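Each remark here refers to the structure printed beneath this line.
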Amino acid sequence: MEKTTTAQLFAGIAENIFASNSLQKLFSSTEKACISVLKSDTVSVFVFEKESDVFIRRSMKLKGKKKDNTDFPVYLKFTNAINRYEHSSWFLNNHDISSCFENNPFHNGSEVVIPVRMKGVMVAFILATSSDVMEWDSEQEIFCTYITNIFSVVLHTLLQDDEIQKLRNELNTRAELNANRLYAINKSLHKSNQELKQFAYMASHD
């Protein structure tokens, strides 16, 4: 089996991001990468691993509903950002999620986590895994920057498209409501006209 180089791995991730034509597709798992969205209404649950001195994110709780996610190590800038959730688990207590995590990509040989920021705010983690040991040098750091830039551009474009679609849907809904109102008004006017004709007919024969 031919070995996949780290450069090929990153190239594949970039290709998948470029190919995304919807927000759902952009944030879904791909063959080699998993993108996790961070929002203020989520609670991220972590398990601390003493051996590696990192927190592993096991799941996310979104508005009270548990949603399983791919596990990956998360390096926190400060430990007071988390509270105990249950036995050996913690949850993030800081609403400003982007301030809690390290800014730079980090790796452990077989996987790399790339933080993605837009306008200084953390919006996602990109987790890339490989069955082969990853090479790591300045070139890979350039690849990480390249991927985050692509992701930001694609996300910005899709968000704009999504907003435009929402506006179109709103306009269509308003147009439909207006059409229904006009129909109701016309129906009412027609009924009134019929009643007036009936009244005029009866008055003329009295």
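Note that the working numbering has the sequence shown beginning at 704, numbered continuously upward.
Positions of the beta carbon are idealized from the N, C-alpha and C atoms, including for glycine.
Model, not experiment: these values are computed from the prediction.
### Task
Give every residue of the same chain whose Cβ lies closer than 6 Å to the Cβ of T709, excluding the five residues on either side of it in the sequence, and list them in chain order.
The residue given as residue 709 occupies position 6 in the sequence shown. The answer, listed in chain order, is M837, E838, Q843.
### Query
Do you know how far the Cα of Q901 is from the Cα of K890?
In the sequence shown, residue 890 corresponds to position 187, counting from 1. In the sequence shown, residue 901 corresponds to position 198, counting from 1. Answer to the nearest angstrom: the Cα atoms are 16 Å apart.
### Query
Going by the beta-carbon positions, is the gap between A717 and I850 smaller than 7 Å?
Position 14 of the sequence shown, counting from 1, holds the residue named residue 717. Position 147 of the sequence shown, counting from 1, holds the residue named residue 850. Against a cut-off of 7 Å, the Cβ pair of I850 and A717 comes out as a contact.
### Query
In angstroms, rounded to a whole number, what distance separates the CA positions of N896 and S907?
Working through the sequence shown from its first residue, we reach residue 896 at position 193. Working through the sequence shown from its first residue, we reach residue 907 at position 204. Going from the Cα of N896 to the Cα of S907 covers about 16 Å.
### Task
Can you give me the start and stop residues for the alpha helix (DSSP H) that V836 sits inside?
Stepping through the sequence shown from its first residue, residue 836 is reached at position 133. From DSSP, V836 is part of no alpha helix (DSSP H); its letter is neither H nor E.
#### Entry: CA-to-CA distance, R877 to A887, given in whole angstroms
Your numbering for residue 887 matches position 184 in the sequence shown. Your numbering for residue 877 matches position 174 in the sequence shown. When rounded, the distance between both Cα atoms is 15 Å.
### Query
Where do the N-terminal and C-terminal ends of the alpha helix (DSSP H) with T709 fall, by residue?
Walking along the sequence shown from the start, residue 709 turns up at place 6. Note, T709: alpha helix (DSSP H), 709–722.
### Message
By DSSP's criteria, A810 is part of a beta bridge. Which residues make up the other side?
### Response
Counting from 1 along the sequence shown, the entry for residue 810 is found at position 107. The sequence given here places His at residue 810; Ala does not occur at that position. H810 pairs with V815.
### Task
Express the C-alpha separation of N883 and L892 in angstroms, rounding to a whole number.
Against the sequence shown, residue 892 aligns to sequence position 189. Against the sequence shown, residue 883 aligns to sequence position 180. Straight across, the Cα-Cα distance linking L892 with N883 is about 14 Å.
### Query
Tell me, which residues are paired with I853 by DSSP?
Here residue 853 refers to the residue found at position 150 when the sequence shown is read from its first residue. Answer is none; I853 lacks a bridge partner.
### Residue environment, S833, which counts as buried when at least 16 other CB atoms sit within 10 Å
One-based indexing of the sequence shown puts residue 833 at position 130. Under this definition S833 is a buried residue.
### Spatially closest choice to V857 from N807, M821, F713, L880, by CA coordinates
For the purposes of this step, residue 857 is taken as the residue at position 154 of the sequence shown. Considering only alpha carbons, the answer is M821.
#### Entry: Every unbroken alpha helix (DSSP H) within the stretch 843–893, with a cutoff of 4 residues, ordered by chain
Fully enclosed alpha helix (DSSP H) runs of 4 or longer: not present.
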